[in-house]
Structures are given as structure tokens and as C-alpha cells.
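Here is the structure we will look at.
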Amino acid sequence: MEAKTDKEILRGGQFLVKETSCDDVFTPEDFNEEQKMMRDSVKEFVDREIVPHKERFEKKDYALTEEIMQKAGELGFLGVAIPEEYDGLGMGFVSTMLVCDYISGATGSIATAFGAHTGIGTMPITLYGTEEQKKKYVPKLATGEWFGAYCLTEPGAGSDANSGKTKAVLSEDGKYYSISGQKMWISNAGFANVFIVFARVEDDKNITGFIVENDKENGISFGEEEKKLGIHSSSTRQVFFNETKVPVENMLAGRGEGFKIAMNALNIGRIKLAAACLDAQRRVTENAVKYANERVQFKTPIAQFGAIKQKLAEMATSAYVGESASYRAAKNIEDRINIRLESGNSHSEAELKGVEEYAIECSILKVACSEDIQNCSDEGIQVFGGMGFSADTPMEAAWRDARISRIYEGTNEINRMLSVGMLVKKAMKGHVDLLGPAQAVGEELMGIPSFDKPDYSELFAEEKEMIKKLKKVFLMVAGSAVQKFGPQLEEHQQLLLAASDILIEVYMAESAILRTEKNAKRFGEDTQKEQIAMSQLYLYNAVEKINAKAKEGIISFAEGDELRMMLMGLKRFTKYDNFPNVVKLRTEIADKLIAENKYCF
Numbered sequence: 001m002e003a004k005t006d007k008e009i010l011r012g013g014q015f016l017v018k019e020t021s022c023d024d025v026f027t028p029e030d031f032n033e034e035q036k037m038m039r040d041s042v043k044e045f046v047d048r049e050i051v052p053h054k055e056r057f058e059k060k061d062y063a064l065t066e067e068i069m070q071k072a073g074e075l076g077f078l079g080v081a082i083p084e085e086y087d088g089l090g091m092g093f094v095s096t097m098l099v100c101d102y103i104s105g106a107t108g109s110i111a112t113a114f115g116a117h118t119g120i121g122t123m124p125i126t127l128y129g130t131e132e133q134k135k136k137y138v139p140k141l142a143t144g145e146w147f148g149a150y151c152l153t154e155p156g157a158g159s160d161a162n163s164g165k166t167k168a169v170l171s172e173d174g175k176y177y178s179i180s181g182q183k184m185w186i187s188n189a190g191f192a193n194v195f196i197v198f199a200r201v202e203d204d205k206n207i208t209g210f211i212v213e214n215d216k217e218n219g220i221s222f223g224e225e226e227k228k229l230g231i232h233s234s235s236t237r238q239v240f241f242n243e244t245k246v247p248v249e250n251m252l253a254g255r256g257e258g259f260k261i262a263m264n265a266l267n268i269g270r271i272k273l274a275a276a277c278l279d280a281q282r283r284v285t286e287n288a289v290k291y292a293n294e295r296v297q298f299k300t301p302i303a304q305f306g307a308i309k310q311k312l313a314e315m316a317t318s319a320y321v322g323e324s325a326s327y328r329a330a331k332n333i334e335d336r337i338n339i340r341l342e343s344g345n346s347h348s349e350a351e352l353k354g355v356e357e358y359a360i361e362c363s364i365l366k367v368a369c370s371e372d373i374q375n376c377s378d379e380g381i382q383v384f385g386g387m388g389f390s391a392d393t394p395m396e397a398a399w400r401d402a403r404i405s406r407i408y409e410g411t412n413e414i415n416r417m418l419s420v421g422m423l424v425k426k427a428m429k430g431h432v433d434l435l436g437p438a439q440a441v442g443e444e445l446m447g448i449p450s451f452d453k454p455d456y457s458e459l460f461a462e463e464k465e466m467i468k469k470l471k472k473v474f475l476m477v478a479g480s481a482v483q484k485f486g487p488q489l490e491e492h493q494q495l496l497l498a499a500s501d502i503l504i505e506v507y508m509a510e511s512a513i514l515r516t517e518k519n520a521k522r523f524g525e526d527t528q529k530e531q532i533a534m535s536q537l538y539l540y541n542a543v544e545k546i547n548a549k550a551k552e553g554i555i556s557f558a559e560g561d562e563l564r565m566m567l568m569g570l571k572r573f574t575k576y577d578n579f580p581n582v583v584k585l586r587t588e589i590a591d592k593l594i595a596e597n598k599y600c601f
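Going by the UniProt record's numbering, the sequence shown opens with residue 1, and the numbers climb by one from there.
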């Protein structure tokens with residue numbers, strides 16, 4: 001695919017300080033023919049092979065998961081992101097997101113098996129392996145002949161991944177390492193042929209990665225399958241290594257490089273996890289709409305009640321917004337990868353640096369989409385009422401499966417703090433100019449506000465003005481916090497959490513508005529009525545949340561004149577000239593869903 005070099009591609013985090021034109025964002029409506037065919041074949045696969053067996057997945061049918069994964073391998077779905085020379089399809093980043101999105105929607109068990117295998121199970125070898133390692137392992141992983149798993153977490157090393165105790169000791173003849181230690185929560189452990197294992201050599205500061213083949217004769221044993229709240233047919237076990245011999249040529253990258261591998265694999269994992277929450281939201285919303293149309297109470301389908309319409313509208317809105325933001329970031333990453341490839345980077349270098357550039361967006365999306373699918377499935381249960389609590393209807397499993405999304409690939413708390421922390425670091429390095437815009441906001445607060453009535457006749461004119469003001473809220477709050485605490489800001493976790501919620505809402509709301517604006521320009525405003533309503537509804541909710549989080553931050557670290565001035569600024573920056581009619585917006589969105597009897601955006 002051609003890299004677009006005629007537009008300025010924003011660096012990661014720059015969305016906050018630079019305006020993005022709607023023509024420069026990629027939307028799901030921009031999928032090319034190849035991508036649409038891929039999407040349709042994945043959907044057909046899921047509806048044929050996964051949906052009819054929902055009950056078996058809930059009854060811990062691990063063999064079924066393995067069988068589905070093999071079929072996915074035969075169809076090429078496991079190799080989308082892998083270069084053709086290693087038997088993959090070598091597709092662009094957007095296409096890899098697309099496959100992850102649509103294969104993950106029907107059950108969390110397959111979503112987890114797929115994500116663990118294609119992401120953290122295969123990616124480290126594709127991106128960090130030597131040519132010999134890639135030739136030996138990647139083709140088998142690309143085709144589903146072999147499956148991969150990733151052994152990072154330990155009983156004492158979760159979020160603090162670099163604190164693992166697993167040891168790797170070099171043999172006297174220097175030919176192999178003996179690995180000993182215990183790993184837990186290992187997805188795909190029950191059927192994996194190869195493990196990416198992280199261990200510490202001597203007293204190194206950082207852990208080291210190794211490729212370890214599964215061989216029970218070589219000191220590898222397993223705990224029982226874990227009993228879990230959800231993802232019942234995802235194989236999750238402890239893995240024990242007892243002097244497991246690993247040839248020195250199976251070290252991944254260099255000694256002490258493991259922590260870097262782990263962090264970069266997680267960046268890719270995060271945006272893919274966001275994608276894995278999207279089709280789940282579409283399916284949950286669709287199930288809720290269909291049930292609400294069928295269920296009659298007080299001689300009326302419950303879909304006709306305002307209380308239900310409110311739920312359906314909010315569920316569809318979060319799905320639409322998550323999709324808008326995820327594909328916007330995916331295309332930014334793809335463009336960045338292509339630019340690096342054109343300038344002579346290797347595939348692995350280009351992909352690593354391309355994703356790393358947008359690590360902030362990856363964390364934002366992971367948090368937003370995992371929380372949206374949780375809320376969506378929770379409201380789905382509510383729409384079904386008592387039936388929603390029954391394991392015979394789809395909502396109960398969807399709700400349980402959704403819960404893990406907020407924990408793995410770095411908890412949402414870690415990702416929230418990371419997103420702001422990474423942004424501040426980028427500012428310190430001069431990659432994103434936060435200081436200038438933050439000072440400008442400070443000066444604006446000292447000045448006299450303009451009382452001119454702006455012209456809001458154009459579509460989204462007021463909404464885009466509002467997005468600009470919400471960015472100022474972040475700059476005001478985060479800028480003051482950085483000035484006050486400097487490098488110690490990391491210790492003020494509750495402030496970081498509040499700031500990150502502002503950052504997240506800005507990115508998500510802006511993404512939806514840009515997508516809808518782009519589509520209104522090319523397909524006509526009348527074709528986007530409900531999408532306009534969803535963009536406006538999401539923005540309204542975002543303003544309310546940002547107002548609350550900013551206030552919480554301001555009153556917790558400012559005092560006296562500074563406090564008064566910042567609260568006045570907050571009031572100014574979150575003020576609508578014309579409030580949207582929220583009930584009307586929700587009703588309009590819900591009526592469209594109800595008439596179509598499906599998620600139709």
C-alpha cells in the first residue's frame with residue numbers, strides 16, 4: 001500500500017496541540033476492496049465456526065479453541081501481520097487490526113487465544129528474532145502448524161514486569177542456558193508449541209527473552225487449567241521451568257533486552273486489544289436491539305420506552321466512537337511504518353518504531369475500548385432484564401468475558417498513567433511542544449475573554465471549537481501539575497489518572513467528529529444524521545466527564561488565586577454556546593437502531 005506523504009502525519013501525542021483535518025483521518029468507510037473482502041471472510045468464519053458453539057466455549061471446551069485456531073491458521077488469519085517470506089500474508093497494519101477486530105467479537109475465549117498467539121506469542125520473534133530464528137519458527141506460527149504463548153507474568157511480577165525471579169544460567173561450555181522459574185496466567189499454555197520466556201541472567205538489571213520449545217522431557221511442567229470468571233475456553237495455566245535447557249542461539253535480541261521486548265510487544269497488544277473490543281460491542285448492541293424489539297411489556301415492545309432507548313443509543317455510540325478512534329490510530333501507525341520502509345528500515349524496525357511512535361494512542365485506546373465493552377455488556381444485561389442474568393442468553397458470557405480486557409496488556413490504571421507520563425516525556429524530548437501551548441493557555445486565562453458570538457452555521461463548527469477548548473483544559477491542568485511537581489509528578493497517581501481521563505476523552509471525541517465530518521462531506525449530511533447525533537452525544541458526555549476530572553485535579557493541587565483562576569478557566573473552556581438536546585439525540589440514534597433491528601453504523 002502506498003504511503004501518503006502529501007499530508008502531514010502527526011507524531012504520537014501531537015493531536016493534543018495540533019489541529020487535525022478530517023481529510024487526514026482514516027475511517028472504516030475508507031476500507032479498500034481487499035480489506036472489505038477480508039472483513040467479510042472473517043465475519044463469515046466467525047458466524048459459521050464460533051457462534052453456533054457458544055455453549056461449548058462456556059463449558060471449557062479447550063479442544064474446540066485449538067481446533068478453531070487451526071482453522072483460522074489454514075485460512076491465513078493467523079499470518080496477516082507476518083511478512084510473505086515467512087508464509088504470512090504481509091498485510092498492512094490496518095488490515096491486521098481489521099482481522100483482530102472481527103475475529104474477536106463472538107467469544108472472549110477465541111479473542112484471547114488469537115491475540116496471545118498472533119501478538120505476544122509470535123510478534124517478538126518476527127520483530128526481534130534473528131534471520132535463523134524467524135525462518136525456523138515464524139512460518140509454523142503463521143500457518144497455525146504451531147501455536148505460541150508468552151511467559152512474562154510471575155506470582156511476584158505482574159505490572160512490575162521487570163521484577164521477575166525466573167533465572168537463566170549459562171552452561172560451563174557456553175552452549176545453552178538453564179532456565180528455572182514459575183510463570184502464571186499463561187494464555188494458550190495448554191496447547192502451545194513454543195514459548196517466549198523472560199528470565200534474568202545473573203544479576204542483570206533487565207530481564208532477557210528466550211524462545212523455548214515445549215518439551216516435557218526438558219523440565220517443563222504445567223499447573224491445572226485456571227478457574228476463571230470469563231474466557232472459559234481460553235487455556236490459562238501456570239508454567240514451571242526446572243533447569244530447562246535452551247540453546248544460546250535461542251536468546252531473543254540481546255542479553256538484558258527482554259524488558260524492551262516486553263514493553264514494545266505490549267504497545268502492539270494494546271491497540272489490538274482495543275480492536276478486539278469493537279465487534280464485541282457491535283454484537284452486544286445488536287443482540288440488545290433485537291431483544292428490545294421482541295420483548296413486549298405493557299402491550300408495547302420495550303424498545304419503544306425512553307429508558308431503553310437511552311441505553312441502546314449510548315451502547316451504539318461507544319461502539320461507533322471506539323471504531324473511529326481505533327482505525328484513525330491504526331492508519332497513523334501504518335503510514336509511519338511505510339515512511340520508515342521507504343527510507344530503508346527493515347520490516348521489523350519499521351513496525352517497532354511505527355507502533356512505538358503512537359504508544360500514547362495505544363494506551364488511550366486500550367483503556368477506552370475495554371471500559372466501553374464492559375459498560376456495553378452491562379447495559380446489555382439490563383436491557384434483557386432477568387433474562388440477561390441467565391446463562392442461556394448471550395449477555396451473561398459477554399459481560400464476564402469483557403472483564404479481563406481492563407486487566408491484561410497492562411491494567412487500565414497503568415495505561416492511564418503511562419499515557420500522560422509518555423506525553424510529558426515526549427514534551428521533555430521536544431517531540432511534542434506542550435510547553436508553548438500550555439503557556440498560551442495560561443496567558444489566555446489572564447486575559448479578558450471575547451464576548452463575540454461566533455458563527456456556528458457550518459456542521460460541527462461549535463463541536464470543533466469545543467474540542468479546542470477541551471485540549472486547553474488538559475494543557476491547563478497538566479501544565480500546572482508539571483510546573484508544581486516536575487519529575488515528582490509520577491508519584492501523584494490520582495492526579496495522573498484525572499489528567500489521563502481528560503486526554504482519553506479528547507482523543508475519542510475528536511476522532512468521532514472527524515470521521516463523521518469526513519463522511520458528511522463526501523456522502524452528504526443527510527446520510528449521516530445518526531452519526532452526527534452520536535458524535536454530538538459523545539462530546540456532550542465527554543465535556544461532563546472532563547469537567548468533573550479537571551475540577552478534581554485543580555482543587556487537589558491549586559489554592560488561592562491560582563485555584564480561583566483555574567476554576568474560572570475550566571468554566572470558560574467547558575461552556576457550550578448552544579447545548580445539544582441530549583434526549584433528542586439519544587432518541588434519534590435509538591430509533592434508527594430499532595427500525596433497522598441491528599447495529600447499522
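Glycine residues also receive a C-beta, built at the ideal position from the N, C-alpha and C atoms.
Look at residue 213 here: in three-state DSSP terms it is strand. In this structure, residue 453 keeps its C-beta atom at 8 Å or more from the C-beta atom of residue 573. When secondary structure is reduced to three states using DSSP, residue 449 falls in the coil class, being assigned neither helix nor strand. Bridge pairing for residue 177: 170 and 246 [DSSP].
The DSSP assignment places 93 to 103, 108 to 115, 123 to 128 and 131 to 143 as complete runs of the alpha helix (DSSP H) inside the stretch 91 to 162, in order along the chain (cut-off: 4 residues). Between residue 323 and residue 216, the alpha-carbon positions lie close to 43 Å from each other. With a 10 Å radius around the Cβ and a threshold of 16 neighbouring Cβ atoms, residue 47 comes out exposed.
Inclusion of residue 476 and residue 566 in the CB contact set at 8 Å is warranted, their separation being smaller than that value. Under the DSSP assignment, residue 199 falls in the beta strand (DSSP E) whose first and last residues are 194 to 201. Non-local beta-carbon contacts of residue 76 in its own chain, meaning distances under 7 Å to residues more than five positions away in sequence, involve 89 in chain order. The C-alpha of residue 204 is placed about 12 Å away from the C-alpha of residue 169.
Around residue 364, the same chain offers 419, 504 and 507 as residues with beta carbons nearer than 6 Å, after the five sequence neighbours per side are excluded. Scanning its chain for C-beta atoms nearer than 8 Å, with the 5 sequence neighbours on each side dropped, one finds around residue 370 the residues 273, 274, 277, 402, 405, 406 and 412, in chain order. For residue 220, there is no enclosing alpha helix (DSSP H); the enclosing beta strand (DSSP E) has its first and last residue at 220 to 222.
Cβ-Cβ separation between residue 248 and residue 177: approximately 7 Å, consistent with a contact (criterion under 8 Å). In this structure residue 148 touches residue 122 by the C-beta definition: roughly 5 Å separates them, less than 8 Å.
For residue 56, same chain residues with a beta-carbon under 8 Å away, outside a window of 5 residues either side, are 64 and 233 in chain order. Excluding five sequence positions before and after residue 268, the CB atoms of its chain that fall closer than 7 Å to its own CB belong to 119, 123 and 355, given in chain order. In chain order, 101, 102, 104 and 105 place their CB closer than 7 Å to the CB of residue 279, counting only its own chain and leaving out the 5 sequence neighbours on each side. Between residue 33 and residue 317, the alpha-carbon positions lie close to 26 Å from each other.
DSSP, reduced to helix, strand and coil, places residue 229 outside both helices and strands of the structure shown, so it counts as coil. Residue 171 sits exposed, since fewer than 16 C-beta atoms from the chains shown fall within 10 Å of its C-beta. Annotation: residue 175 to residue 251 spans about 11 Å, alpha carbon to alpha carbon. In terms of Cα proximity to residue 308, the closest of 486, 381 and 367 is 381. Around the Cβ of residue 389, a 10 Å sphere holds fewer than 16 other Cβ atoms; the residue is exposed. With a cut-off of 8 Å on Cβ pairs, the stretch 537 to 549 is in contact with the stretch 485 to 505, counting three or more such pairs. Excluding the 5 residues flanking it on each side, residue 184 has same chain C-beta neighbours closer than 7 Å at 153, 154, 155 and 238, in chain order.
As computed with DSSP, residue 301 is found in a beta bridge with 296. Residue 372: member of the alpha helix (DSSP H) spanning 359 to 384, first to last residue.
Restricting attention to 543, 125, 182 and 591, the CA atom closest to the CA of residue 83 is found in 125. Taken atom to atom, the span from the alpha-carbon of residue 516 to that of residue 45 is near 30 Å.
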